[in-house]
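The sequence shown begins at 9 in this note's numbering and counts up by one. These notes concern the structure reproduced below.
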Amino acid sequence: MNKNPNLSLSANDFLSLSPEKQARFLDLTKELAKSAIERMKAELNKQGIQYTENDIEEIQKHYDKLLESINTEYKQEIEYLNTNGFDATVSELAHRKQLTLSEFNEFLSEMGKAELYETIRIELFPQNRRSLYIQTDFLDKIMPQTFYIPNSKVANSLTNPAITFDVGTFDVEVNKQKDISVQVTLNFDDENIEIVEKNGKRLTAFDRSVLNSVCSRYEAGNLTFTPDQIYRTMNGLTEREFVSKESRARIIESIDKMRLLEVKIDYTEEATKLYKHPTSESLSKYIISSYLLALSKVELTTSNGVVQGYKLLEKPIIYTYSQHNNQIISVPINLLNTKDYLRTSPEVTVIREYLIRRIAVMKNDLKKSNRILFEKIHTELNLTDIDKKKSKKIRDTVEKILTKFKDDGYISEFTFFKKGNAFAGVSINT
9 MNKNPNLSLS ANDFLSLSPE KQARFLDLTK ELAKSAIERM KAELNKQGIQ
59 YTENDIEEIQ KHYDKLLESI NTEYKQEIEY LNTNGFDATV SELAHRKQLT
109 LSEFNEFLSE MGKAELYETI RIELFPQNRR SLYIQTDFLD KIMPQTFYIP
159 NSKVANSLTN PAITFDVGTF DVEVNKQKDI SVQVTLNFDD ENIEIVEKNG
209 KRLTAFDRSV LNSVCSRYEA GNLTFTPDQI YRTMNGLTER EFVSKESRAR
259 IIESIDKMRL LEVKIDYTEE ATKLYKHPTS ESLSKYIISS YLLALSKVEL
309 TTSNGVVQGY KLLEKPIIYT YSQHNNQIIS VPINLLNTKD YLRTSPEVTV
359 IREYLIRRIA VMKNDLKKSN RILFEKIHTE LNLTDIDKKK SKKIRDTVEK
409 ILTKFKDDGY ISEFTFFKKG NAFAGVSINT
């Protein structure tokens with residue numbers, strides 16, 4: 009073992025410890041677990057999230073169960089490692105994940121021993137795929153208190169109806185005065201995957217809301233989640249509300265689409281000229297690349313049976329980029345809970361989040377117009393040739409959502425305005 013041992017995979021003998029070393033390893037892991045719990049408590053206090061000592065005890069039980077399971081639950085995986093060797097196993101896992109060996113080693117750099125076994129189980133033993141690591145993870149049940157929305161021009165460009173998955177590379181102008189652009193490249197990973205939606209192979213505003221829900225759960229400390237949890241997050245609900253099969257299927261389709269979409273963002277020009285990142289002067293290129301949602305797909309056993317779930321492998325790339333440039337909107341999660349004002353639907357979700365983004369910009373910059381045009385909302389919904397009945401339905405939805413915002417104190421007043429005889433938009437006082 010190293011002089012400063014930890015849970016990372018820094019040596020091959022890490023996987024074949026003597027009983028004495030195994031005991032020492034467990035002791036060290038307990039110390040790390042205790043430290044992790046203290047850091048978690050500090051983060052919860054920082055975010056103002058209430059918890060009880062019973063919650064902490066449950067987390068401690070999770071760690072204890074995980075430690076006890078390392079040498080019993082993962083017997084099959086340990087035998088595989090001992091038979092094939094560490095290097096051959098890692099090479100096979102890299103091949104299964106379609107990563108180069110260096111890329112996969114980077115992925116492993118922060119992985120714990122139990123989590124390595126879990127990866128072997130998921131990738132190499134699909135016939136009995138299960139996930140103790142996820143089943144017992146208490147932290148993944150933390151309900152976000154804040155909803156985060158990446159609001160950069162790059163994030164906004166991805167749902168442009170003209171941007172389809174076969175667009176390749178396109179430029180996003182991020183600063184017109186200084187003539188600064190960001191280059192974005194899209195590549196859909198598997199052409200054999202059928203995406204069933206009327207808008208074809210492109211990202212929708214609803215997909216964006218799903219992505220923002222993943223980001224919000226990530227910020228709350230969750231790395232694993234189910235489609236139901238995402239639905240509840242995007243609607244400001246708790247962990248108990250019923251989720252219909254249709255809503256769950258829509259979330260799954262959206263997530264599976266984003267986990268297959270590769271995104272590369274070259275913002276060298278922006279980083280060096282506009283935001284002056286600390287290392288920008290010595291950089292010739294500032295490029296980040298990943299899947300829009302880098303996830304592993306797993307099956308989770310719960311009290312309600314087997315459900316489909318996901319594990320987040322890294323911070324979402326759009327969130328990373330927008331965070332670098334301080335372009336993140338945050339609002340209280342209960343602002344999204346509009347169930348007492350109107351029935352939730354994908355259309356309501358899109359309109360509500362669009363209004364939040366526009367109002368947040370108004371609040372941050374008093375020079376921005378306080379008017380929102382209905383035609384902009386129609387574009388967000390990807391609607392054209394709208395009749396009077398549909399226009400009124402959208403206007404009624406906007407009125408109910410803004411009434412909720414007013415009741416919650418997020419805005420002070422709003423009034424609709426006309427252009428000619430037709431309603432054209434809404435003015436909002438923040």
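The beta carbon of each residue, even a glycine, is placed where N, CA and C say it ideally should be. Keep in mind the model is a prediction, meaning the values are calculated, not measured.
With distances taken between CB atoms, is the gap from residue i to residue j smaller than 9 Å?
i	j	result
Y362	A213	yes
F155	S330	no
Y299	M266	yes
S221	T241	yes
I364	L391	no
T177	R210	no
Q191	V180	yes
T232	K305	no
P152	E87	no
N230	I157	no
N243	T352	yes
K412	L245	no
E278	V369	no
L219	P324	yes
I436	I367	yes
Going straight from the alpha carbon of residue i to that of residue j, what length do you get?
i	j	result
E383	K401	14 Å
S160	L350	29 Å
N334	R379	24 Å
S99	T91	14 Å
I295	E322	16 Å
G317	S255	15 Å
E247	K281	44 Å
T276	S399	42 Å
N164	I326	10 Å
L374	L303	39 Å
R360	K397	20 Å
N372	H332	18 Å
T438	G417	9 Å
E184	A102	The residue asked about is misnamed: residue 184 is Lys in this sequence, not Glu. Straight-line Cα distance between these residues: approximately 42 Å.
I341	C223	13 Å
E407	I394	18 Å
K427	K414	25 Å
K49	T387	43 Å
E46	K186	46 Å
K293	T328	17 Å
S16	T60	Here S16 scores only 32 on pLDDT, less than 50, and its place in the model should not be relied on; the value that follows carries that caveat. Near 31 Å, if we compare the C-alpha coordinates of T60 and S16.
E249	Q237	10 Å
T423	D215	30 Å
N53	N62	16 Å
S377	S420	16 Å
L268	T97	25 Å
V434	E65	50 Å
Tell me where the beta strand (DSSP E) around residue i begins and ends.
i	result
D274	L269 to D274
L391	From DSSP, L391 is part of no beta strand (DSSP E); its letter is neither H nor E.
E421	E421 to K427
D179	T177 to N183
F214	That residue, F214, is in no beta strand (DSSP E); its alpha helix (DSSP H) goes A213 to E227.
N437	A430 to N437
S297	I295 to Y299
Ends of the alpha helix (DSSP H) at residue i?
i	result
P507	Nothing about residue 507 can be reported from this structure: the residues present for the chain run from 9 to 438 only.
S330	I325 to H332
L363	P354 to N372
K400	K396 to D415
S165	K161 to S165
Chain B beta carbons: is any one of them nearer than 9 Å to that of residue i?
i	result
S298	The structure shown contains no chain B; it is built from a single protein chain.
Could you check how far apart the C-beta atoms of residue i and residue j are, in whole angstroms? I think they sit under 8 Å.
i	j	result
P235	I259	4 Å
R403	F431	6 Å
L389	E355	6 Å
N345	E270	N345 to E270, Cβ: 34 Å. No contact.
S217	T357	5 Å
What are the residues that DSSP puts in a beta bridge with residue i?
i	result
I260	Partner(s): none; I260 has no beta bridge.
L194	V271
K319	T232 and S304
R379	S435
V339	F155
T172	R210
S189	E181
When you measure from the CB of residue i to every non-hydrogen atom of the ligand MN, does any distance come out below 8 Å?
i	result
V98	For the structure depicted, the ligand MN is absent and the ligand set is empty, with no information on it obtainable.
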